[in-house]
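Taking it in order: structure first as structure tokens, then the write-up.
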Amino acid sequence: MATARETEAPRLPAEIRAIQEKKFAALLRHVLRTNPFYRAKYDGLNMSADGPVGLSDRERLPLVTRDEILDDQRRNSPFGTNLTFRMSEYTRLLVAMEERGAEMCWLDTPQSWRW
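Residues are numbered in my numbering as their position in the sequence shown, beginning at 1, plus a constant of 1213.
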């Protein structure tokens, strides 16, 4: 039996790019609306959840380091401010031991866990 992916018609590069633009813009707008960690990190980049955003913006987004996440979790225990959803939507907690003895926590929703 063929999978859905195998039965889809091949897409042109422009169609693929349009889909990527739409999905990235939706993701970035959602994060800018709901995630305090990223909203603070991206402050000053002239981006807003209500303004135009797209794939070209990813080049000016600063990378996030493990140390930044750990520092945020220490200051805002136990999970930090890097939360995009309401706490009631998270169903899994992952904890990674860091080399320096710190624990980094990560919460997943059912959808993010499946991904």
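Note that CB positions come from ideal geometry on N, CA and C, so glycine has one too. Nothing here was measured: the structure is a model prediction, and the numbers come from that model.
Among the options, nearest to residue i - alpha-carbon criterion
i	options	result
Arg-1299	Lys-1236, Asp-1284, Arg-1246, Glu-1311	Arg-1246
Glu-1312	Ala-1239, Pro-1226, Leu-1283, Asp-1256	Leu-1283
Thr-1322	Gly-1314, Leu-1307, Glu-1316, Ala-1315	Leu-1307
Bridge-paired residues (DSSP) for residue i
i	result
Ile-1328	A quick correction: the sequence has Trp, not Ile, at residue 1328. Answer is none; Trp-1328 lacks a bridge partner.
Asp-1321	Arg-1305
Met-1300	DSSP lists no partner for Met-1300.
Met-1260	DSSP, once it has assigned bridges, lists no residue as partnering Met-1260.
Glu-1168	In the structure as shown, the chain starts at 1214 and stops at 1328, and residue 1168 therefore has no counterpart that could be examined.
Nearest-angstrom beta carbon gap, residue j and residue i [assumed within contact, 8 Å]
i	j	result
Leu-1320	Leu-1296	7 Å
- request: May I ask you to verify whether the stretch 1262 to 1269 touches the stretch 1299 to 1308, counting CB pairs closer than 8 Å and requiring at least 3?
  value: Between the stretch 1262 to 1269 and the stretch 1299 to 1308, the count of C-beta pairs closer than 8 Å stays below three; the two stretches do not touch.
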